[in-house]
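Residue numbers (the numbering used here): 28 to 301.
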């Protein structure tokens, strides 16, 4: 009976995963051709609700510290750039037009920026001030971060964590291994799934980001100058949106190649605004 019970567990797990798992295409390919399908095990709604709650908590904490939107001119600048980028998101996914977008600036020396699911954007003043970013470079960062949200990378990473977590737990129970064995399997899962996936996500966000910037009339080549500025910050830990990317040379080449690909879009946008 024990052997039969053990044999049934993987089948039950497989059935559960098959029901919960969906392979989806979150975005259209755009000019840069991002067309990878993604495995999802949690809903967009769940992730967006959690992101909205977390975002409000971040803002509330910053407000307590008098660190929310302190520099009116800087906030206006960042929001002006966002106002040009956000309408371009419909090229990749039309439903983004109905997202409840929010854009805020946090006073912090940290070199960071992010966009949560559903369009919740935060820019850190240190990123702008320390690197003396141009509008084109701010657009490069923001386009990159918005691309992560459009592709639902957070949802995908959560889904993979759920999948690998279930697999590790069941495998540990079936094999009778202790905590050490489960920890080892967790490390294998992390190296196999999370780290390569993070690099993939960064590359997708880079490529989509330069297209968003170009369509909004910002020079997509600024993504390369931005990276060069970040590379000089050896004494500072890089922000999350740079930390898992491949080497400097590889990233610079990829950004240059895709910036060149979308230059006609930039020129069209510039002409239409003149």
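Cβ coordinates follow ideal geometry from the N, Cα and C atoms, glycine included.
When you compare each of 171, 119, 120 and 112 to residue 139 by their alpha carbons, which one comes out closest? Ranking 171, 119, 120 and 112 by Cα distance to residue 139 puts 171 first.
Could you check which residue in 119, 251, 113 and 243 has the C-alpha nearest to that of residue 295? For residue 295, the closest of 119, 251, 113 and 243 by C-alpha to C-alpha distance is 243.
Helix, strand or coil, according to DSSP, for residue 50 in the structure here? Note: residue 50 maps to strand in three-state DSSP.
Is any heavy atom of the ligand MG found at a distance shorter than 7 Å from the C-beta of residue 251? The ligand MG is not among the ligands present in this structure, which contains no ligands whatsoever.
Applying the criterion that 16 or more other CB atoms from any shown protein chain within 10 Å of the CB defines a buried residue, is residue 93 buried or exposed? Burial call: exposed.
Alpha carbon to alpha carbon, how far is residue 103 from residue 141? Give it in angstroms, no decimals. CA-CA distance, residue 141 to residue 103, rounds to 18 Å.
Expected contact under 8 Å - CB spacing of residue 250 and residue 282 to nearest Å: With 8 Å as the limit, residue 250 and residue 282 qualify as a contact, their Cβ atoms being about 5 Å apart.
Have a look at 146, 186 and 287 and flag the residue whose alpha-carbon is nearest the alpha-carbon of residue 65. Closest by C-alpha distance to residue 65, out of 146, 186 and 287, is 186.
Taking Cβ to Cβ, would you say residue 239 is nearer than 8 Å to residue 116? With respect to residue 116, residue 239 sits close: the two C-beta atoms are nearer than 8 Å.
Whose C-beta lies closer than 6 Å to the C-beta of residue 150 among residues of the same chain, with five residues either side of it excluded? If we look at residue 150 and ignore the five residues flanking it on each side, its Cβ neighbours are 105, 132 and 140.
For residue 68, three-class secondary structure by DSSP: When secondary structure is reduced to three states using DSSP, residue 68 falls in the coil class, being assigned neither helix nor strand.
Cα-Cα, which of 59, 301, 76 and 290 is closest to residue 182? Distances from the alpha-carbon of residue 182 to those of 59, 301, 76 and 290 put 76 closest.
Identify which residue in 284, 290, 54 and 253 has its Cα closest to the Cα of residue 155. Nearest to residue 155 by alpha-carbon distance, out of 284, 290, 54 and 253, is 253.
Report the start-end ranges of each alpha helix (DSSP H) in the region 97-150 that is 4 residues or longer and not cut off at the edges. Annotation note: the region 97-150 contains the following uninterrupted alpha helix (DSSP H) runs of length 4 or greater, listed N- to C-terminal: 99-112.
As a quick exercise: from 128, 98 and 56, pick the residue whose alpha carbon is nearest that of residue 234. The shortest C-alpha separation from residue 234 is found at 56.
Since I believe residue 54 is in contact with residue 119 (beta carbons under 8 Å), could you give me their beta-carbon distance rounded to a whole number of angstroms? The Cβ separation is near 4 Å, so the contact holds.
Could you pull out every residue in the same chain whose Cβ sits closer than 6 Å to the Cβ of residue 168, ignoring the five residues on either side in sequence? Contacts found: 140.
Just to confirm, are residue 163 and residue 98 a CB contact at a threshold of 8 Å? The beta carbons of residue 163 and residue 98 sit no closer together than 8 Å.
Coil, strand or helix - residue 95 by DSSP: Annotated three-state conformation of residue 95 is strand, per DSSP.
Going straight from the alpha carbon of residue 136 to that of residue 158, what length do you get? Distance between the alpha carbons of residue 136 and residue 158 is about 11 Å.
How should residue 127 be labelled, buried or exposed, when 16 other C-beta atoms within 10 angstroms of its C-beta is the threshold for buried? The residue in question, residue 127, is exposed, as its Cβ has fewer than 16 Cβ neighbours within 10 Å.
Pairwise C-alpha distance: residue 165 and residue 109: Straight-line Cα distance between these residues: approximately 9 Å.
Based on Cα-Cα distance, which residue from 236, 153 and 188 lies nearest to residue 69? That would be 188, whose Cα lies nearest to the Cα of residue 69.
Between the Cα of residue 299 and the Cα atoms of 241, 78 and 87, which residue gives the shortest distance? Nearest of 241, 78 and 87 to residue 299, Cα basis: 241.
Please report the Cβ distance between residue 231 and residue 178, rounded to the nearest whole angstrom; I am assuming they are in contact, meaning their Cβ atoms lie under 8 Å. Contact holds; Cβ gap of about 6 Å.
Please look up how many angstroms separate the CB atoms of residue 143 and residue 176, rounded, as I've assumed it's under 8 Å. Rounded to whole angstroms, the Cβ separation of residue 143 and residue 176 is 7 Å, and the two are in contact under 8 Å.
Skipping 5 residues on each side, what residues in its chain have a beta carbon closer than 6 Å to that of residue 301? Within its own chain, no residue has a Cβ closer than 6 Å to the Cβ of residue 301 once the five positions on either side in sequence are excluded.
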